[in-house]
C-alpha cells in the first residue's frame, strides 16, 4: 500500500513514512523504492504543470529523487517530506524553464497537449465544469512570468497553502499573495481577450 | 464604494476572507451593478475551472519504468560512493595510480627474480669450489715455493696477514703488493708449477724488494725500495694476474 494512501490515518501514514525515511537514510534501497512509488505521481504532476512537457517532467522527477537519495541524510524530520520534495521539484523545474527559452513553443504545445485526451477518461464529469475554460487557463498560465507561474501552479493547481508555497519558493507570504494576484489578473485578462477574439 | 474599489475586493469576497461589514457593502454593490456582477461571475467560472484542473490526476505515463530508471541511477550512485576517495580523483590521476601500481609490482617481481638468481649463482659457485682441486694441490706445491725462496705457505700467510708491518710506509703501494702477493699465493696454491719459475725470475729482477721483511718493520731505505721496485713489480705482475684470474674462471 502506498505511503500516501487515503485509507491510512494521518498519524499512521506519518509514522510509516518516518520509518521508511529512516531506513532509506541507512541506505536501504527497498525502503527508498517505496518512497519513489508513493510520491512520484505527486512529483510528476507538479513538474508537468510547471514545465508542460512530458519528457522534461520525467527527467525532473528522476533528478529530484536522485537528490532526495543523496541528501536524505540532511533531511529535517520536522519538515513535511512532501514540502521538501516539492521544493526540489520546483527548483529543478525552475532551472529547466530558465535554461530553455521556449515559452512560445510551450504555449502552442499546450493547445494540443495529449494530457487533454488522457484526462477525459480519468474525469468524465469534468465537462460539467467547463473543460474548455480549464484548457485555456492552462495555456495562459504557461505564458506567465516564471515566478507568477510557480506561485499559480503551487497555490491554484496543486492546492497548497500560501504558507507552504512561501516555504517552497523561499518567499514571504505577502510576496506569494502579490504574485498570485498578478497571475490571476493576467489569466482573467487573457481569457477575456480570447473570448473577445474567439 | 465604487466599482474600482469593489473589484479589488472581489477575490477576497469570493473566498469569504473579509470582515462582515465590508462583505455586506460589496454584496450590496454587486447586486446593483451588472458589470461587477459579471466580473464576479467570471471569477467564479475561472475558480470552477481551476477546481476542475486540480481534481484531474496526472497524465498517464509509465510509472514503473520511471521507478526503475530512478532506482537504476541510485544503484550506480551507490557504486560510485563505495569506490571511496578514488571518485574525486581526475582520470589522469587514476591512470597514474595504475602505472605506479604496475611499476611497484614489477620492482617486487624483479627483486624476487634477482634473489632467486643470486641464490642459484651462490649455489653454483659453492658447488664449483667444492669440486676445485685446490685442497689437494697444497702439499705438492711446497717444494716449488721453497725453490722460489718464498718459505712455506704458513710463513707467507703470517707475513702477509700482519697489519702492523704496514705502518709508517707507503701504505697504498704496500697494500697493493700484499694483494698481488696474496693473489700469487692463491695461484700457487692452485697448482701451477710454472709460477714458481716466474717468481724466481722476478726475484732476480727486483733483488732488493725480496730482502724486505715486513715483520721487522721498514726503514726509510726499505720504503724507497718498496716505492721503486714494488711499483715496477706490480706493473710486471698485472698481466700475470689477469692470466691467473682467467685460469680461475676456467
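Protein chains in written order, with this note's numbering: chain A, 1 to 198; chain B, 1 to 250.
Idealized CB from N, CA, C, for every residue including glycine.
Any Cβ of chain A closer than 7 Å to the Cβ of residue 73 (chain B) would place that residue at the interface, and such an atom is present. Nearest to residue 233 (chain B) by alpha-carbon distance, out of B:209, B:106, B:222, B:223, is B:209. In this structure, residue 179 (chain A) places its C-beta atom within 7 Å of the C-beta atom of residue 148 (chain A). The Cβ of residue 152 (chain A) sits no closer than 7 Å to any Cβ of chain B. For residue 173 (chain A), same chain residues with a beta-carbon under 7 Å away, outside a window of 5 residues either side, are 162, 163, 166 in chain order.
With a beta-carbon spacing of about 5 Å, residue 47 (chain A) and residue 89 (chain A) fall inside the 8 Å limit used to define contacts. Setting aside the 5 residues that flank it on each side, residue 77 (chain A) is surrounded in the same chain by 18, 21, each with a C-beta closer than 8 Å to its C-beta; the list follows chain order. Around the beta carbon of residue 150 (chain A), 16 or more other beta carbons lie within 10 angstroms, which makes this residue buried.
Taking a 10 Å sphere around the C-beta of residue 62 (chain A), we find 16 or more other C-beta atoms and assign the residue as buried. For residue 65 (chain A), the nearest CB of chain B lies under 7 Å from its own CB, placing it at the interface with that chain.
Between residue 154 (chain A) and residue 160 (chain A), the gap from beta carbon to beta carbon is short of 7 Å. Comparing alpha-carbon positions, the option among B:67, B:73, B:33 lying closest to residue 4 (chain B) turns out to be B:33.
Per DSSP, the continuous alpha helix (DSSP H) segment holding residue 222 (chain B) begins and ends at 220-225.
For residue 40 (chain B), not one C-beta of chain A is nearer than 7 Å to its own C-beta. Interface annotation for the region 7-39 of chain A against chain B: 27, 29, 32, 33, 36, 37, criterion Cβ-Cβ distance under 8 Å. For residue 148 (chain A), the enclosing alpha helix (DSSP H) stretches over residues 146-152. In the structure shown, the three-state DSSP call for residue 179 (chain A) is helix. In the three-state scheme derived from DSSP, where H, G and I count as helix and E and B as strand, residue 161 (chain A) is classed as coil.
Proximity of residue 106 (chain B) to chain A, defined by a Cβ-Cβ separation below 7 Å, is not satisfied. Contact annotation: residue 36 (chain A) and residue 70 (chain B) have beta-carbon atoms nearer than 7 Å. The beta carbon of residue 189 (chain A) does not come within 7 Å of any beta carbon belonging to chain B, so the residue lies off that interface. When 8 Å is used as the limit between beta carbons, residue 19 (chain B) is near no residue of chain A, the shortest such separation being about 18 Å. By the criterion of at least three beta-carbon pairs nearer than 8 Å, the region 106-113 of chain B is not in contact with the region 63-72 of chain A. Following the DSSP letters along the chain, one finds residue 91 (chain A) inside the alpha helix (DSSP H) bounded by residues 81-99.
For residue 70 (chain B), the nearest beta carbon of chain A is closer than 7 Å to its own beta carbon. Where residue 55 (chain A) is concerned, the enclosing alpha helix (DSSP H) starts and stops at 54-71. Shown here, residue 39 (chain A) sits in a helix according to DSSP, grouped into three states. For residue 11 (chain B), the enclosing alpha helix (DSSP H) covers residues 3-15. For the pair residue 24 (chain A) and residue 51 (chain A), the CB atoms are not nearer than the 7 Å cut-off. For the region 46-57 of chain A, the residues whose beta carbon sits under 7 Å from a beta carbon of chain B are, in order, 48, 54. Using a Cβ distance threshold of 7 Å, residue 43 (chain B) and residue 7 (chain B) do not count as a contacting pair. Taking the Cβ atoms as the reference, residue 40 (chain B) lies roughly 6 Å from residue 10 (chain B), within the contact range of under 8 Å. Within the region 141-169 of chain A, contact with chain B at the beta-carbon level (separation under 8 Å) is assigned to 156, 157, 158, 159.
Assigned with DSSP and collapsed to three states, residue 18 (chain B) falls in coil, not helix or strand.
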